[in-house]
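Line by line, the protein sequences are chains A and B. Residue numbers are given in the working numbering: position 67 of the first sequence equals residue 76, and the series is strictly consecutive. Residue numbers are given in the working numbering: position 68 of the second sequence equals residue 912, and the series is strictly consecutive. Note that beta-carbon positions come from the ideal geometry of N, C-alpha and C, so glycine has one too. Notes follow once the structure below has been shown.
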Amino acid sequence: SQQGEEDPQALSIQEGENATMNCSYKTSINNLQWYRQNSGRGLVHLILIRSNEREKHSGRLRVTLDTSKKSSSLLITASRAADTASYFCATVGGNTGKLIFGQGTTLQVKP
Amino acid sequence: DAGITQSPRYKITETGRQVTLMCHQTWSHSYMFWYRQDLGHGLRLIYYSAAADITDKGEVPDGYVVSRSKTENFPLTLESATRSQTSVYFCASMRTSGLTDTQYFGPGTRLTVL
């Protein structure tokens with residue numbers, strides 16, 4: 010069963026706009042991670058936020074985590090056409106390192 | 845520095861045949877994982893391995909077999925392929941299971957079972 014549920018499933022914006030994706034999960038976590046997948050490629054890690062952190066930044070990425078609501082959001086600012094991809098949240102619980110993925114948000118950035 | 849590679853990248857086989865998907869990583873990462881990605885299901889964990897000779901089931905292990913005799917290799921075998929195993933398969937590795945460790949994914953193998 011999926012741990013993370015992402016919203017929206019698809020998002021289409023113009024270059025320069027901000028893109029926000031949300032992820033909800035069900036059980037307690039050690040950390041939450043966001044990955045990007047370009048069409049036909051493997052996943053690439055973007056950012057990790059630990060359960061005791063509330064916000065994290067990396068370049069144009071901003072991730073928030075609300076453990077009381079079991080939710081996270083990924084904000085991509087000043088989007089570019091190259092940001093077009095699918096974005097997945099994944100949670101880690103326990104010490105096995107296993108990731109449980111959401112179904113992803115497909116982002117299209119129009120030039 | 846090849847990182848993590850998968851072979852073959854594309855495979856077409858017939859129902860009932862045995863198929864082995866290969867995964868190789870050059871980092872000596874302890875952990876390795878196999879996922880399948882299907883429309884509507886996202887990525888689901890098939891099997892994972894914490895070290896050589898240590899493997900464990902994931903969410904959808906039925907119909908698959910893994911082995912890990914060497915740290916760098918983690919082959920996935922479909923003993924008798926079925927159409928429902930048509931999917932894109934991703935291998936991943938991770939240095940340890942520490943709180944800030946992340947997974948590195950291979951490019952994927954697209955498997956079609958006719």
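Contact check between the region 56–63 of chain A and the region 14–27 of chain A: fewer than three CB pairs, one atom from each, fall below 8 angstroms, which does not count as touching. Collapsing the DSSP output to three states places B:R880 in a strand.
Chain A has no Cβ within less than 7 angstroms of the Cβ of B:Y933. Around B:A895, the same chain offers S874 as residues with beta carbons nearer than 6 angstroms, after the five sequence neighbours per side are excluded. Among the residues facing chain B, A:N61 is not included, as its CB has no counterpart in that chain under 7 angstroms away.
Per DSSP, reduced to three states, the secondary structure at A:R63 is coil, with no helix or strand assignment. In the three-state reduction of the DSSP assignment, B:Q869 falls in the strand class, which pools E and B. If you draw a 10 Å sphere on the C-beta of A:Y34, you find 16 or more other C-beta atoms in it, and that means buried.
By the C-beta criterion, the region 909–928 of chain B is judged not to be in contact with the region 942–951 of chain B, since fewer than 3 inter-stretch pairs fall below 8 angstroms.
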